[in-house]
Every structure is written in C-alpha cells, then in structure tokens.
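Read through the structure below, which is laid out as structure tokens, and then see the notes.
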Amino acid sequence: MDGEVVCALVLTSEQKVVLAKQYRPGPEKVLLELPGGAVDDGEDPQEAMARELLEETGYAGELEFVGMSWHDGYSRRLRYNFVVKNAKRVSEQNPDDVWRIDVVEMPLDAFREHLRSGELTDSTTGYTGLEHLGLL
Numbered sequence: 119m120d121g122e123v124v125c126a127l128v129l130t131s132e133q134k135v136v137l138a139k140q141y142r143p144g145p146e147k148v149l150l151e152l153p154g155g156a157v158d159d160g161e162d163p164q165e166a167m168a169r170e171l172l173e174e175t176g177y178a179g180e181l182e183f184v185g186m187s188w189h190d191g192y193s194r195r196l197r198y199n200f201v202v203k204n205a206k207r208v209s210e211q212n213p214d215d216v217w218r219i220d221v222v223e224m225p226l227d228a229f230r231e232h233l234r235s236g237e238l239t240d241s242t243t244g245y246t247g248l249e250h251l252g253l254l
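Reading the sequence shown from the start, the letters are residues 119 to 254 in this note's numbering.
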C-alpha cells in the first residue's frame, strides 16, 4: 500500500480534543480516533488535512504541520502529522456514504489517558502533537 495520509491532533479553544468515533472492521469495535484520511492524487497534504477534518467532523481551525512518520511497517505509506488549534464547528459533516462518524470532544486530561491506554490508532500523531504544543 503506497500513498500518503494525513492525521491531526485537533484542539478547541477550551483545550478539548476533537475525536472521530467510528466502527473499525479490523479490531471489530468502535474506536475514538484522531481525524484524518488519504491525500488525493495531486493534493497538497495541508489541503487534504483541512478537507478531511471538515468532511469527518465539520470543524476547522489553525492548521500546523508538525512532521512526517511512516503509516505502518508494512507499506511505503507516509503520514503527515498536524495540529489544529482553536478548532470550532463551522459546518455539518460531509462523510462518504460508506461510514458514519460521531464527533466527540474529549477533555485534554482524558485524552492523555486514552493515548496511554493503547486504544488510539494514530498514537504517533497524538504524541507528536502534544509535544509540539508543550502539552505532553
């Protein structure tokens, strides 16, 4: 699997983390995840992150690139990691017909616990984002 993906730690001005709650077939359960998705052909990763965030959550904010990492050890897929500050809901979600996402705002302390629990699929983005913001 090649290509590029984006993912972001998204914080509201109240220091709540915006998460996407959705069923995942691999672990066969509902997970709380950081927003993100695939970069379309010819699309800039920052534009892709803004698009994915709006589609999945209806939120927008101040987007900052914080680094790249491998998506996993089984592909050549790169992940562009971002933080989004002062995020707020600006529109309705516009998800694909294939999935349903519930948006959850989680207090920062609870997110740190969630991150340490091992349940977050994009923990690299979570830790990188918290470190970038001085919140680790």
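Ideal placement from N, C-alpha and C gives every residue a C-beta, glycine not left out.
Keep in mind that this is a model prediction, so the values were computed, not measured.
How many Å lie between residue i and residue j at the Cα?
i    : j    : result
A138 : D162 : 22 Å
G154 : N199 : 9 Å
L127 : D159 : 23 Å
Q164 : D227 : 27 Å
V208 : V136 : 13 Å
V222 : L253 : 20 Å
T130 : V123 : 23 Å
A156 : R169 : 10 Å
T239 : E132 : 24 Å
G244 : A166 : 18 Å
E231 : E237 : 10 Å
Please return the same chain residues whose Cβ sits closer than 6 Å to the Cβ of residue i, not counting the five positions on each side in sequence.
i    : result
H250 : V184, V201
L171 : P153, Y177
Y141 : V148
Excluding the 5 residues preceding and the 5 following residue i in the sequence, name in chain order all residues of the same chain whose CB lies nearer than 7 Å to its CB.
i    : result
S187 : R197, N199, T242
T175 : V136, A138, P153, Q211, V221
W217 : Q140
Please list, in chain order, all residues of the same chain as residue i whose beta carbon is under 8 Å from its beta carbon, the five residues on each side excluded.
i    : result
T246 : L127, V184, G185, S187, N199
Tell me, which residues are paired with residue i by DSSP?
i    : result
V128 : V202
L137 : V222
L151 : The sequence given here has Glu at residue 151, not Leu. According to DSSP, which records beta bridges pairwise, E151 is partnered with A138.
Problem set entry | Given 8 Å, three or more beta-carbon pairs between the region 200-209 and the region 178-187 | In this structure the region 200-209 touches the region 178-187; the number of beta carbon pairs closer than 8 Å is three or more.
Problem set entry | Contiguous beta strand (DSSP E) assignments of at least 3 residues, all confined to the region 169-224 | With a minimum length of 3 residues, the continuous beta strand (DSSP E) runs that stay inside the region 169-224 are 177-188, 196-207.
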